[in-house]
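Trainee: Here you go, one structure.
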Amino acid sequence: MGKRKEISNWGRYPRIEKKESLFDNIPVLDGFLSDADTLIARGMGRCYGDSSLGENIINTASFNRFLAFDDKEGVIECESGVTLDEILQVVVPKGWFIPVTPGTKFVTVGGAIASDIHGKNHHIDGSFSRHVLSLQIKCSDGTTYHCTPTDHADLFSATCGGMGLTGIILSAKIRLKKIATAYIRQKQLKAPSLDKLLELFNIYQDYTYSVAWVDCLSKGKSFGRGILMLGEHAEEQEVKPGVDTLKVHKTPKFNIPFNFPSLVLNKLTIRLFNTLYYLKNLREEQDSVVHYDGFFYPLDNINNWNRMYGKRGFFQYQFVLPLDKLDLLKEVMLLIAKNNKASFLSVLKVFGEQDGVLSFPMKGYTLALDIPYDPHLDQFLDQLDLMISEGGGRFYLAKDARMKKETFWQTYQQADKFLEIVNKYNPGSSFSSLQSQRLGITS
Amino acid sequence: MKKSILILGATSDIGKALAKRYAAEGWGIFLAGRDRDQLDRLASDIKIRYNVPADAHYFDALAYDSHKDFWKNLQDLPSVTVSVFGYLGEQETAEEDWEMCQRILDTNYTAAVSILNLVSNSYLERGQGVIIGISSVAGDRGRSSNYLYGSSKAAFTAYLSGLRARMFAKNVHVMTVKPGFVMTKMTAGMDLPPLLTAKPGAVANVIFKAMKKKKNVIYVEGKWRWIMLIIKLIPETIFKRLKF
Numbered sequence: 000m001g002k003r004k005e006i007s008n009w010g011r012y013p014r015i016e017k018k019e020s021l022f023d024n025i026p027v028l029d030g031f032l033s034d035a036d037t038l039i040a041r042g043m044g045r046c047y048g049d050s051s052l053g054e055n056i057i058n059t060a061s062f063n064r065f066l067a068f069d070d071k072e073g074v075i076e077c078e079s080g081v082t083l084d085e086i087l088q089v090v091v092p093k094g095w096f097i098p099v100t101p102g103t104k105f106v107t108v109g110g111a112i113a114s115d116i117h118g119k120n121h122h123i124d125g126s127f128s129r130h131v132l133s134l135q136i137k138c139s140d141g142t143t144y145h146c147t148p149t150d151h152a153d154l155f156s157a158t159c160g161g162m163g164l165t166g167i168i169l170s171a172k173i174r175l176k177k178i179a180t181a182y183i184r185q186k187q188l189k190a191p192s193l194d195k196l197l198e199l200f201n202i203y204q205d206y207t208y209s210v211a212w213v214d215c216l217s218k219g220k221s222f223g224r225g226i227l228m229l230g231e232h233a234e235e236q237e238v239k240p241g242v243d244t245l246k247v248h249k250t251p252k253f254n255i256p257f258n259f260p261s262l263v264l265n266k267l268t269i270r271l272f273n274t275l276y277y278l279k280n281l282r283e284e285q286d287s288v289v290h291y292d293g294f295f296y297p298l299d300n301i302n303n304w305n306r307m308y309g310k311r312g313f314f315q316y317q318f319v320l321p322l323d324k325l326d327l328l329k330e331v332m333l334l335i336a337k338n339n340k341a342s343f344l345s346v347l348k349v350f351g352e353q354d355g356v357l358s359f360p361m362k363g364y365t366l367a368l369d370i371p372y373d374p375h376l377d378q379f380l381d382q383l384d385l386m387i388s389e390g391g392g393r394f395y396l397a398k399d400a401r402m403k404k405e406t407f408w409q410t411y412q413q414a415d416k417f418l419e420i421v422n423k424y425n426p427g428s429s430f431s432s433l434q435s436q437r438l439g440i441t442s
Numbered sequence: 000m001k002k003s004i005l006i007l008g009a010t011s012d013i014g015k016a017l018a019k020r021y022a023a024e025g026w027g028i029f030l031a032g033r034d035r036d037q038l039d040r041l042a043s044d045i046k047i048r049y050n051v052p053a054d055a056h057y058f059d060a061l062a063y064d065s066h067k068d069f070w071k072n073l074q075d076l077p078s079v080t081v082s083v084f085g086y087l088g089e090q091e092t093a094e095e096d097w098e099m100c101q102r103i104l105d106t107n108y109t110a111a112v113s114i115l116n117l118v119s120n121s122y123l124e125r126g127q128g129v130i131i132g133i134s135s136v137a138g139d140r141g142r143s144s145n146y147l148y149g150s151s152k153a154a155f156t157a158y159l160s161g162l163r164a165r166m167f168a169k170n171v172h173v174m175t176v177k178p179g180f181v182m183t184k185m186t187a188g189m190d191l192p193p194l195l196t197a198k199p200g201a202v203a204n205v206i207f208k209a210m211k212k213k214k215n216v217i218y219v220e221g222k223w224r225w226i227m228l229i230i231k232l233i234p235e236t237i238f239k240r241l242k243f
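Same order as they appear, the protein sequences are chains A and B. Residue numbers are given in numbering that gives the first Met the number 0: position 212 of the first sequence equals residue 211, and the series is strictly consecutive. Residue numbers are given in numbering that gives the first Met the number 0: position 207 of the second sequence equals residue 206, and the series is strictly consecutive.
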């Protein structure tokens, strides 16, 4: 296996000193399985917390080959280490797109399935796993299972969103989305208050892509003001003539080579950013046609943007609350505003139905916040955790690094069923992360 | 004629990187090695990513008798052949264990000669072609810590040098590549100096560019030329006392 080195994920907390092993063929992976007591798979390290950290980390970066691409039917099959970035490069020129994409293209297919990622189209298209036709997964005794929603359906459903605890995902077959162009017809709507914003969500619920940026620091009348961003894949005639309609994104150029001093991002600059961001849209409604890269991945053009938050890092906090808990959502947001805990890029979205057994998205409102670290933060978040879990909500495991065990078992109603499936396919459980240990899912 | 490259030892990390680099330039790729499953996966990957032809071919470097058929069975003659396969072994074990020692010598030297003889003769007949041999800086001077591997690479370097001279007048070019430390499966777990260690992708890039310029002998990282020059200049009376 490889050498020990310091490893942390996107939120840069926690940091551990561990070995990370690569494999590019099955016999090598089999060797890791028989040598180690516990393993956890890791891809691009874009989850925020400790989901892919553990005693023995198996990195899928070298297991990254495309196995088949049917450009007539729009079905692609690849190994788990292939990134969404690489898939886009292959499929966009042929008129296809990833069916569900998160806010970064730098995640692997394995990670996308294990976190059952969601995107701006969750209310219409569900999460990533809904478009996975089949997957191959290697369990603890070395057996490889071919699962589909009907074949080993229990393992399939537990693997989608199962945080890597059901085995090592080897490959997946994914159904793509047909596009006429690489461009998005975008509509931005300004909402002076939260109520107005939620009303707009409702009015425009038929849009394929919808997400709102919320100013979580504004108080009083403008509390919860924001900008609703809507999108549809653009047709050929909507794109400027002479432009390559199926143009692939460029690779990022900018890099943040060092940690910003903590002073750069403070309450004042964050408040200023939020106000400016709201004011930058002069008109109530703005329509434009933009490339998918800018629409879906605005931050991907800056490598290591997480360094902007300084050395101490930040917490990404994302929860979902049922639709009938609107008052509670407001209460939580008010509390955040009152305590000045939010930063820029607080994102609000309405989810559709849940997919996998342990999938995070469920019908309701989801709010994602970046909160720079401060010594009292944990206490504050514990308070929020309690409010949200008692209100029937839950937290995104891919962004969690601190949730309490009780909170997990209280909020993920199918956790028992999940554990049953994990144990059925992995008697004596071999897959375990710092997160699964903290949450008492594995020992 | 369509440009194509035959990669002998295609599942090695440098082999894979070369396949991707050449495919990105639109070249057709012949992947040769022992691991069928790996070769097939690599071939489908290259076809899908780069829209170029890519085929997998079984090739066992140590099965010399099979080389003739292997070469004959390639549908088209590749315009470039690169020999990447090699075996590092373990110096200390190989000092005692003849089987490992022989495998080092055979893989790095005898096998390469066996297949490249066939390749060069057929390129000679055709009057064009490029042969690239991946040798090593370890062949520049035998050091106590890896002279078995080093001497096999030294022999390979000498072979390529002679071959180059023989082919020169017939429009066939031979390039010798001497990588220093490269981050690969071969060196996994070794404590390598980061400033002197190249990534396979960078090695492939250097090789592609050097081939276009028809270079004869290249060190992948220029620094190695000077390091090896110094190592070569150390007088033997001093050198024999050095343990490295």
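No residue lacks a Cβ here, since even glycine has one placed at the ideal position from N, Cα and C. Computed from a predicted model, the values in this text were never measured in an experiment.
How would you call residue 425 of chain A, buried or exposed, if buried means at least 16 neighbouring beta carbons within 10 angstroms?
Mentor: It counts as buried.
Trainee: With a Cβ-Cβ cutoff of 9 Å, do residue 79 of chain B and residue 129 of chain B count as a contact?
Mentor: In contact: residue 79 of chain B and residue 129 of chain B (Cβ atoms closer than 9 Å).
Trainee: Against chain B, which members of the stretch 59-92 of chain A pass a CB distance test of less than 7 Å?
Mentor: Flagged, chain order: 64, 65, 66, 67, 68, 89.
Trainee: Sort out for me which residues DSSP pairs residue 67 of chain A with in a bridge.
Mentor: Beta-bridge pairing links residue 67 of chain A to A:76.
Trainee: Reducing DSSP to helix, strand and coil, say where residue 378 of chain A ends up.
Mentor: It is helical.
Trainee: Report yes or no: is there a C-beta of chain B within less than 9 Å of the C-beta of residue 24 of chain A?
Mentor: It does: the Cβ of residue 24 of chain A has a partner Cβ on chain B nearer than 9 Å.
Trainee: Can you give the Cα-Cα distance for residue 0 of chain A and residue 189 of chain B, rounded to whole angstroms?
Mentor: Note on residue 0 of chain A: pLDDT 46, under 50, position unreliable in the model; the coordinate value appears next. Their Cα atoms are separated by approximately 11 Å.
Trainee: Quick one: what does DSSP say residue 371 of chain A is sitting in, helix, strand or coil?
Mentor: Reduced to three states, the DSSP call for residue 371 of chain A is strand.
Trainee: Alpha carbon to alpha carbon, what distance is there between residue 218 of chain B and residue 126 of chain B?
Mentor: The alpha-carbon atoms of residue 126 of chain B and residue 218 of chain B are separated by roughly 27 Å.
Trainee: So residue 47 of chain B contacts chain A; which residues on that side make the cut at Cβ distance below 7 Å?
Mentor: Within 7 Å Cβ-Cβ: 65, 68, 89.
Trainee: Given that a residue counts as buried once 16 or more other Cβ atoms are within 10 Å of its Cβ, and exposed if not, what is residue 84 of chain A?
Mentor: By the neighbour-count rule (16 or more Cβ atoms within 10 Å), residue 84 of chain A is buried.
Trainee: Anyone know if the C-beta pair for residue 396 of chain A and residue 363 of chain A falls short of 9 Å?
Mentor: No, the Cβ-Cβ distance between residue 396 of chain A and residue 363 of chain A is not below 9 Å.
Trainee: Provide the residue span of the beta strand (DSSP E) that contains residue 212 of chain A, from first to last.
Mentor: From DSSP, the beta strand (DSSP E) with residue 212 of chain A extends over 208-213.
Trainee: Are residue 83 of chain B and residue 28 of chain B close, meaning C-beta to C-beta below 9 Å?
Mentor: Going by C-beta atoms, residue 83 of chain B is not nearer than 9 Å to residue 28 of chain B.
Trainee: To test your reading of the DSSP string, which unbroken beta strand (DSSP E) runs of 3 or more residues are found completely within the stretch 64-94 of chain B?
Mentor: Entirely contained in the stretch 64-94 of chain B, the beta strand (DSSP E) runs reaching 3 residues are, in chain order, 79-82.
Trainee: Find out if the Cβ-Cβ distance for the pair residue 128 of chain A, residue 358 of chain A is shorter than 9 Å.
Mentor: Contact flag set, yes.
Trainee: In chain A, which residues lie with their C-beta within 7 Å of the C-beta of residue 35 of chain B?
Mentor: Residues of chain A passing the Cβ test: none, with the nearest at roughly 11 Å.
Trainee: From B:133, B:170, B:44, B:23, pick the residue whose C-alpha is nearest to that of residue 155 of chain B; which is it?
Mentor: Nearest option by C-alpha distance: B:133.
Trainee: Just verifying my parser: in three-state terms, what is the DSSP assignment at residue 58 of chain A?
Mentor: Strand at residue 58 of chain A.
Trainee: Tell me the DSSP bridge mates of residue 143 of chain A?
Mentor: Partner(s): A:137.
Trainee: Would you identify the three-state DSSP class for residue 101 of chain B, choosing helix, strand or coil?
Mentor: Correct three-state label for residue 101 of chain B: helix.
Trainee: Against chain A, with Cβ distances strictly below 9 Å, would residue 54 of chain B count as a contact?
Mentor: It does not; no Cβ of chain A falls within 9 Å.
Trainee: Using the Cβ count rule (16 or more neighbours within 10 Å means buried), how would you classify residue 82 of chain A?
Mentor: So residue 82 of chain A counts as buried.
Trainee: Could you tell me whether the Cβ of residue 184 of chain B comes closer than 9 Å to any Cβ of chain A?
Mentor: Yes, contact with chain A.
Trainee: Pop quiz: residue 138 of chain B and residue 152 of chain B are said to be a contact at Cβ under 8 Å. What is the actual Cβ separation, rounded to whole angstroms?
Mentor: Right, the Cβ-Cβ distance comes to about 3 Å (below 8 Å), so this counts as a contact.
Trainee: Taking just the CA atoms, how far does residue 20 of chain A sit from residue 187 of chain B?
Mentor: Taking the straight line from one Cα to the other gives about 10 Å.
Trainee: Of all the CB atoms in chain B, is at least one closer than 9 Å to the CB of residue 21 of chain A?
Mentor: Chain B, which has a Cβ nearer than 9 Å to the Cβ of residue 21 of chain A, makes this yes.
Trainee: Who are the Cβ neighbours of residue 87 of chain A in its own chain at under 7 Å, not counting the five residues just before and after it?
Mentor: Excluding positions up to five away in sequence, the list reads 97, 104, 247, 248.
Trainee: At what residues does the alpha helix (DSSP H) containing residue 158 of chain A begin and finish?
Mentor: Taken as a continuous stretch (DSSP letters only), the alpha helix (DSSP H) holding residue 158 of chain A covers 152-158.
Trainee: Is DSSP giving residue 296 of chain A helix, strand or coil here?
Mentor: Here residue 296 of chain A sits in coil by DSSP.
Trainee: I'd like to know if residue 40 of chain B contacts chain A, where contact means its C-beta is closer than 9 Å to some C-beta of that chain.
Mentor: Yes, because at least one Cβ of chain A sits closer than 9 Å to the Cβ of residue 40 of chain B.
Trainee: Under 7 Å Cβ-Cβ, which residues of chain A neighbour residue 59 of chain B?
Mentor: Under the 7 Å cutoff, chain A gives no residues; its nearest Cβ is about 17 Å from residue 59 of chain B.
Trainee: Consult DSSP for residue 216 of chain B and reduce its assignment to one of helix, strand or coil.
Mentor: Strand.
Trainee: So, helix, strand or coil for residue 95 of chain A, using DSSP?
Mentor: In this structure, residue 95 of chain A counts as strand in the three-state DSSP scheme.
Trainee: Find the nearest neighbour of residue 238 of chain B within the set B:142, B:8, B:215, B:179, judged by alpha-carbon distance.
Mentor: For residue 238 of chain B, the nearest C-alpha among the options comes from B:142.
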